[in-house]
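Here is the structure we will look at.
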Amino acid sequence: MSDTASGPGWGECVTTEVKDGIAWITLNRPDKRNAINPGIVREMTAVLNAMEGDPDAEVLVITGAGDSFSAGQDLKEYFRETETWPPHERERLFADNAAWQWRRLMHYRKPTIAMVNGWCFGGAFQVLVGCDLAIAAEDATFGLSEINWGIIPAGIVTKSVSMVIPQRDAMYYIMTGETFTGIQAAEMRLVNKAVPQEQLRAEVTKLAETLKKKNPHVLRAAKSAYHHVRQMGWEQSLEYLMAKADSTTFRDRDRGAEKGMSQFIDEKKYKPGLGAYDRDA
Ligand code: ACO
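According to my numbering, the sequence shown is numbered sequentially starting from 13.
Shown next, in the form of structure tokens:
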């Protein structure tokens, strides 16, 4: 798959382009500031399903069309208009939304990067934190605007925020609803880095290229282990990580650990402190 804007089940609210191993996934409702409606939920589910099995999509980048990453949940189409849906259909929509926005993304088979190009509000924080890494434009605008229209940051927004940014910042923005910039987001570690808008795509490409060189099986295990041990105590973490390390090595078709060690110790071909072993050797 390559250079395509649509695929089976997407193309209207979400477009994709797979190029040089990177899947650029764009929330595509710029007129509505990429607010997340049932269409985005449906199409993102289809995209994540398809990209999971696409060997050309090694790293996923999620971004937004126009001047927005996403203005959060679509207050009209996601909330108001679904009030009259049969309860089970509305609950299914909310469950599917939680699945693509964080549960699925967090343990996704491939590395994910949020490329925050502009407005980023409310529910969009779930996607942002659900992605493994995030790079923002310096002039992107973030906000936990829920307080401004009379709700708490629900879904899993408050939990997401509490996992990545310090308490004083989290409480400040949850309680005031004030906006902050990409530069401030980087300072409080909500994103890895903020760069000028015109360098955003190049910076994300550079990061994706770094990830592409790593063993994908081990990358997947490493990120999953990180999320699991955050919920565990020390002793449990040790037991879990030792078992996870063994199962990761056992299931690794690349025989990464073996190759990596031998390319360093025997062949003296590379320095693991400074870069990845050669997977093709
Ligand atoms: N839900 C529904 N529609 C939205 C949303 C949203 N979250 N955000 C923008 N839109 C729509 C507007 O209603 C408008 O539609 P219209 O052209 O049919 O009137 C269109 O997108 C453009 O919006 P403007 O407000 O005109 O765009 P502007 O660039 O001036 O402002 C901004 C952008 C600041 C993002 C503003 O649209 C806004 O405040 N949006 C809401 C942000 C928010 O609070 N999101 C919800 C968070 S809570 C949650 O996600 C659970």
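Yeah, the Cβ is synthetic: ideal placement off N, Cα and C, and Gly gets one too. This one's a predicted model, so the numbers in the text were calculated from it and none came from an experiment.
For S18, no alpha helix (DSSP H) encloses it, and the DSSP letter there is neither H nor E. Setting aside the 5 residues that flank it on each side, M118 is surrounded in the same chain by G142, H239, each with a C-beta closer than 7 Å to its C-beta; the list follows chain order. With a threshold of 7 Å, the Cβ atom of D86 counts as near ligand 1, since some heavy atom of the ligand is closer than that. Secondary structure of K224 (DSSP, three-state): helix. Secondary structure of M244 (DSSP, three-state): coil.
Counting every other CB atom within 10 Å of its CB across the protein chains shown gives L250 a total below 16, marking it as exposed. The beta carbons of A233 and T191 sit no closer together than 8 Å. With a cut-off of 8 Å on Cβ pairs, the segment 117-131 is in contact with the segment 62-79, counting three or more such pairs. Segment contact: the segment 223-233 against the segment 162-170, fewer than three CB-CB distances shorter than 8 Å; contact not assigned. Comparing alpha-carbon positions, the option among K205, M175, Y185, V230 lying closest to G194 turns out to be K205. Under the three-state reduction of DSSP output, G155 falls in the strand class. When secondary structure is reduced to three states using DSSP, T57 falls in the helix class. Inclusion of V230 and I147 in the CB contact set at 8 Å is not warranted, their separation being larger than that value. Beyond the five residues adjoining it in sequence on each side, S174 comes within less than 8 Å, by CB distance, of A182 in the same chain, given in chain order.
According to the DSSP assignment, L202 belongs to no alpha helix (DSSP H), since it is labelled neither H nor E. Nearest in C-alpha terms to I177, of all of A198, G189, T188, is A198. Taking C-beta separations shorter than 7 Å and ignoring five residues to either side along the sequence, the partners of R201 in its chain run V176, I177, following chain order.
Using a cutoff of 7 Å, the CB of D151 does not count as near ligand 1, since none of the ligand's heavy atoms is closer than that.
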